[in-house]
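**Student:** Here's a structure for you.
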Amino acid sequence: MSEFALGDVPLIAPHYQPSGLMPVKTMDEYRVLYQQSIENLGQYWAKVAQELEWMEPWQVDMEGSLPDFRFFSGGTTNVSVNCIDRHARANGAKTALIWRSETGERREWTYHQLPPETARFATSLKAMGVGKGDVVAIFLPNLLETFAAVHACYRIGAIYNIVFSGFSPEALFDRLIDTQPRVVVTADGTFRRGRVVPLKAALDKVIDRLPSIEHVVVIRRTGQDVTMRAPRDIYWHEAFNDNTPLADPVPVEANEPGFIIYTSGTTSRPKGLVHSGVGFLVGTYHNVRYSLDIRPEDVYWCTADTGWLTFPIFELVGGLAHGVTAIVYEGAMDYPNPSTFYQIMAEHRVTKIFTAPTWLRMLARYGPDLPAAYDLSPLELIGLVGEPLDPATWQWVQRHVGAGQVDINNTYGQSETGSAWVSSVAGVTPLKPGSCGCALPGHAYAIVDAKGQPVATNGTGILTITAPFPALARTIWHDPERFTTQYFSQFPGQYTTFDSAVQDRDDQLWILGRVDDVINVAAHRLSTMEMESAILDLDGVAESAVIGVDDAVKGQVPVAFITTRQATITADEWTHRVTEQIAENIGAIAKPAQVFVVDAMPKTRSGKIVRRLLKEILLSGEVKGDITGLENPEVIDALCATIRPEGR
Ligand code: PRX
Numbered sequence: 001m002s003e004f005a006l007g008d009v010p011l012i013a014p015h016y017q018p019s020g021l022m023p024v025k026t027m028d029e030y031r032v033l034y035q036q037s038i039e040n041l042g043q044y045w046a047k048v049a050q051e052l053e054w055m056e057p058w059q060v061d062m063e064g065s066l067p068d069f070r071f072f073s074g075g076t077t078n079v080s081v082n083c084i085d086r087h088a089r090a091n092g093a094k095t096a097l098i099w100r101s102e103t104g105e106r107r108e109w110t111y112h113q114l115p116p117e118t119a120r121f122a123t124s125l126k127a128m129g130v131g132k133g134d135v136v137a138i139f140l141p142n143l144l145e146t147f148a149a150v151h152a153c154y155r156i157g158a159i160y161n162i163v164f165s166g167f168s169p170e171a172l173f174d175r176l177i178d179t180q181p182r183v184v185v186t187a188d189g190t191f192r193r194g195r196v197v198p199l200k201a202a203l204d205k206v207i208d209r210l211p212s213i214e215h216v217v218v219i220r221r222t223g224q225d226v227t228m229r230a231p232r233d234i235y236w237h238e239a240f241n242d243n244t245p246l247a248d249p250v251p252v253e254a255n256e257p258g259f260i261i262y263t264s265g266t267t268s269r270p271k272g273l274v275h276s277g278v279g280f281l282v283g284t285y286h287n288v289r290y291s292l293d294i295r296p297e298d299v300y301w302c303t304a305d306t307g308w309l310t311f312p313i314f315e316l317v318g319g320l321a322h323g324v325t326a327i328v329y330e331g332a333m334d335y336p337n338p339s340t341f342y343q344i345m346a347e348h349r350v351t352k353i354f355t356a357p358t359w360l361r362m363l364a365r366y367g368p369d370l371p372a373a374y375d376l377s378p379l380e381l382i383g384l385v386g387e388p389l390d391p392a393t394w395q396w397v398q399r400h401v402g403a404g405q406v407d408i409n410n411t412y413g414q415s416e417t418g419s420a421w422v423s424s425v426a427g428v429t430p431l432k433p434g435s436c437g438c439a440l441p442g443h444a445y446a447i448v449d450a451k452g453q454p455v456a457t458n459g460t461g462i463l464t465i466t467a468p469f470p471a472l473a474r475t476i477w478h479d480p481e482r483f484t485t486q487y488f489s490q491f492p493g494q495y496t497t498f499d500s501a502v503q504d505r506d507d508q509l510w511i512l513g514r515v516d517d518v519i520n521v522a523a524h525r526l527s528t529m530e531m532e533s534a535i536l537d538l539d540g541v542a543e544s545a546v547i548g549v550d551d552a553v554k555g556q557v558p559v560a561f562i563t564t565r566q567a568t569i570t571a572d573e574w575t576h577r578v579t580e581q582i583a584e585n586i587g588a589i590a591k592p593a594q595v596f597v598v599d600a601m602p603k604t605r606s607g608k609i610v611r612r613l614l615k616e617i618l619l620s621g622e623v624k625g626d627i628t629g630l631e632n633p634e635v636i637d638a639l640c641a642t643i644r645p646e647g648r
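This is the structure we're talking about:
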């Protein structure tokens with residue numbers, strides 16, 4: 001039972017042909033480069049950094065150790081120059097961004113259009129009193145202006161605090177009271193599933209309690225009525241015009257803070273992770289190269305929301321650093337209809353997609369007829385991050401969306417790591433449906449037991465990071481001690497991911513979920529991810545979530561939740577099928593104590609099933625915890641009605 005069964009499936013050779021830009025061409029070359037990089041991390045990352053443009057050279061490649069480290073000390077540059085100006089100079093006529101929305105609108109900006117919009121807004125921020133090191137909050141959906149706003153901050157060395165546009169006023173307040181921004185950039189509203197979501201009004205509800213805010217800049221997006229209080233509030237289109245001077249990019253030292261992003265605490269208050277501006281640039285540039293092999297001719301679409309770190313990593317910074325042509329999508333991808341996503345892919349001849357496993361499960365749920373109706377032949381690669389990917393979905397997507405030819409690169413990272421550092425090397429390292437590939441060069445790690453000792457191959461342990469890399473978060477805003485105790489106290493000198501992982505016999509890494517998601521049934525350590533994967537293999541199951549609940553006899557027992565595509569099968573029959581499936585694929589010991597068929601899972605906007613809410617409902621019959629930021633808060637009532645502990 002301690003052996004990891006999922007890893008036994010054979011490796012698949014990649015279909016994707018790596019471009020001349022990919023630094024390694026074969027698995028052996030990858031192995032050699034990985035080893036060399038780990039032996040001299042400073043030298044390795046310096047070589048990567050040299051591909052970017054610098055203002056002043058650095059003196060030392062790397063100093064210190066976890067959690068106190070520096071890369072490229074003394075070197076200065078500006079992120080906006082590397083993501084925008086560099087490409088405007090080289091190929092300004094190239095389309096940088098294609099904005100699409102669920103409302104059917106379309107706008108585009110070339111690399112020529114990005115610098116003036118960015119640099120003029122930067123001037124306007126300066127006029128509002130924002131200087132180097134000041135905080136600007138970005139409370140925006142996916143718009144073209146979002147790129148200009150973020151890069152304007154980089155341009156003048158302001159620290160931006162990116163806040164997910166789906167957050168409630170209170171969740172927004174919690175973040176802004178912590179970072180004390182001088183300016184907030186927001187929109188009147190945004191569209192989501194045909195509804196207008198107010199943003200300025202959400203801010204207005206809490207702004208009187210946020211005395212640090214001197215100005216609010218509002219992008220007119222929905223055209224809805226908003227209250228504008230002069231002189232504090234100003235519209236984006238009135239903040240600057242064609243005569244506004246262009247702000248020069250300021251030199252920023254390689255380790256200075258660039259932005260703050262909050263990770264949602266499940267039990268405690270959210271943590272404001274601080275990433276360095278330039279370190280994040282170097283790390284995400286590297287990440288996008290290896291995971292996606294972006295080429296000049298690619299049309300690339302990262303479907304994440306601005307407020308989730310995947311978007312800055314893969315599009316806003318890492319994508320633009322490669323001068324990519326990127327799609328920016330505002331709204332729900334299955335709105336106004338389930339084929340919206342395929343329609344946009346076909347229309348723009350998208351070659352590479354970066355998304356989340358949950359979206360692929362949604363596509364599978366909508367069925368194979370939709371992708372069959374569109375020409376998706378330009379598509380070559382689908383990258384993913386965020387949660388476990390079950391092999392059945394991998395197979396379905398490869399067959400129906402990718403015509404058997406498209407590689408699916410399931411990557412692993414955290415807001416803390418500022419990059420998806422576990423990933424297949426596009427077109428180079430082999431794939432295994434459900435695994436996360438291998439550690440990218442420059443990333444040292446271990447899988448350890450509770451005492452910090454490395455576990456054997458194919459054994460489950462806790463994934464740790466054993467040496468610094470440039471994109472790793474540097475601290476927690478205003479709480480450096482919490483940063484150290486939270487991540488570095490369990491295994492001194494190592495960063496703890498709190499994820500449990502396996503390295504299988506083919507050197508593929510599997511992330512089984514948070515350490516809490518490995519449950520202990522009658523002294524057997526069972527992975528809920530493995531159970532979920534087995535359940536998803538059943539015909540007609542759309543989604544599955546497994547949690548562990550305390551049990552007087554067995555310590556813990558698994559409880560399963562599913563959504564289905566087949567309304568004709570009764571709940572009792574599903575319980576039978578799920579139980580048998582688990583018994584067959586994992587073992588009788590892992591049989592769930594209960595199986596619930598629910599209409600919908602509670603999910604974050606980034607697509608994660610919020611298992612802790614399922615557990616809370618099961619144990620208490622209600623939800624007291626924070627549900628702001630849920631994609632679908634309306635499902636909670638239905639779940640409370642359906643989910644009953646045994647005997648209640
Ligand atoms: O538990 C892991 C899960 O998502 C967590 C990180 O979430 P977040 O900070 O939102 O990351 C944003 C991505 C840059 C991890 O601790 N996770 C992420 N990727 C995977 C995953 N779990 C399994 N498989 C993955 N590929």
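Per UniProt numbering, the sequence shown starts with residue 1, numbered consecutively.
Glycine included, each C-beta is placed from N, C-alpha and C at the ideal position.
Quick caveat: nothing in here was measured; it's all calculated off a predicted structure.
Tell me whether A552 is buried or exposed, calling it buried when 16 or more other Cβ atoms sit within 10 Å of its Cβ.
**Tutor:** Under this definition A552 is an exposed residue.
**Student:** Would you mind sorting F28 into buried or exposed? The rule is 16 or more other CB atoms within 10 Å of its CB.
**Tutor:** The question names Phe, but residue 28 in the sequence shown is Asp. Result: exposed.
**Student:** Do the segment 590–599 and the segment 572–582 touch if we need at least three Cβ pairs shorter than 8 Å?
**Tutor:** At 8 Å Cβ cutoff, the stretches touch.
**Student:** Considering only residues of the same chain and omitting the five flanking positions on each side of L526, which have a CB-CB separation below 6 Å?
**Tutor:** Excluding positions up to five away in sequence, the list reads I519 and A590.
**Student:** Need the endpoints of the beta strand (DSSP E) that K271 sits in, please.
**Tutor:** Taken as a continuous stretch (DSSP letters only), the beta strand (DSSP E) holding K271 covers K271 to S276.
**Student:** Between P433, E117, M128 and P169, which lies nearest to T628 when the distance is taken from Cα to Cα?
**Tutor:** That would be P169, whose Cα lies nearest to the Cα of T628.
**Student:** Measure the Cβ-Cβ separation of V406 and Q398 and say whether it is below 8 Å.
**Tutor:** Yes. Within cutoff.
**Student:** With DSSP collapsed to three states, give me the class of P116.
**Tutor:** Helix, per DSSP.
**Student:** Between which two residues does the alpha helix (DSSP H) harbouring W45 extend?
**Tutor:** Residues L41 to A49.
**Student:** Quick check on V623: does DSSP put it in helix, strand or coil?
**Tutor:** Residue state, collapsed to three classes: coil.
**Student:** Does DSSP classify Q35 as helix, strand or coil?
**Tutor:** The answer is helix: DSSP assigns Q35 an H, G or I state.
**Student:** Under a three-way DSSP split, which group does N520 fall into?
**Tutor:** Of the three classes helix, strand and coil, the one that applies to N520 here is strand, per DSSP.
**Student:** Report the residue ranges of all beta strand (DSSP E) runs contained in full by the segment 143–195; include only those spanning at least 3 residues, in chain order.
**Tutor:** List check, beta strand (DSSP E) in window: 159–162, 183–187 and 189–192.
**Student:** If you compare alpha carbons, which of S80, E297, K615 and A392 is closest to V546?
**Tutor:** Measuring from the Cα of V546, the nearest candidate turns out to be K615.
**Student:** Does the distance between the C-beta of S606 and the nearest non-hydrogen atom of the ligand PRX fall short of 7 Å?
**Tutor:** Yes; taking the cut-off as 7 Å, the Cβ of S606 has a heavy atom of the ligand PRX nearer than that.
**Student:** Would you list, in sequence order, the uninterrupted beta strand (DSSP E) runs of no fewer than 3 residues that lie entirely inside the segment 337–363?
**Tutor:** Runs found: 352–355.
**Student:** Do you know offhand how far V184's Cα is from I234's?
**Tutor:** Approximately 11 Å, taken between the alpha carbons.
**Student:** Contact between the segment 420–430 and the segment 5–16 is defined here as three or more beta-carbon pairs at a separation below 8 Å; is this criterion met?
**Tutor:** The segment 420–430 vs the segment 5–16: in contact.
**Student:** Could you give the C-beta distance for H478 and D178, rounded to a whole number, given that I count them as a contact under 8 Å?
**Tutor:** H478 to D178, Cβ: 7 Å. Contact.
**Student:** For L376 and A346, which I take to be in contact (beta-carbon distance under 8 Å), what is that distance rounded to the nearest angstrom?
**Tutor:** Right, their Cβ atoms sit about 6 Å apart.
**Student:** When you compare each of V557, G402, Q50 and T306 to N142 by their alpha carbons, which one comes out closest?
**Tutor:** Of the listed residues, the one whose Cα sits closest to N142 is T306.
**Student:** Along the chain, where does the beta strand (DSSP E) that runs through A202 open and close?
**Tutor:** Run containing A202: none in the beta strand (DSSP E); it sits in the alpha helix (DSSP H), K200 to I207.
**Student:** Below 8 Å CB to CB, which residues in the same chain sit around L379 once its five sequence neighbours on both sides are set aside?
**Tutor:** These residues qualify, in order along the chain: M345, V350, T351, K352, I353, V401, G402 and V406.
**Student:** Output yes or no for whether 8 Å exceeds the beta carbon distance between V278 and V252.
**Tutor:** For V278 and V252, yes; Cβs fall inside 8 Å.
**Student:** Going along the chain, which unbroken runs of the alpha helix (DSSP H) with 4 or more residues stay wholly within the segment 204–259?
**Tutor:** Here the runs fully enclosed are 236–239.
**Student:** Enumerate in chain order the residues of its own chain whose CB-to-CB distance from S2 is below 6 Å, with the five nearest sequence positions on each side excluded.
**Tutor:** Confidence at S2 is low in this model, with a pLDDT of 46, below 50, so its placement is unreliable and the value that follows should be read with caution. Same-chain partners within the cutoff: there are none.
**Student:** Give the DSSP-derived three-state secondary structure of F491 in the structure shown.
**Tutor:** It is coil, neither helix nor strand.
**Student:** To the nearest angstrom, how far is the alpha carbon of E530 from that of M128?
**Tutor:** Roughly 53 Å separates the two Cα atoms.
**Student:** Would you tell me roughly how many angstroms separate the C-alpha atoms of N161 and E214, rounded to the nearest one?
**Tutor:** When rounded, the distance between both Cα atoms is 15 Å.
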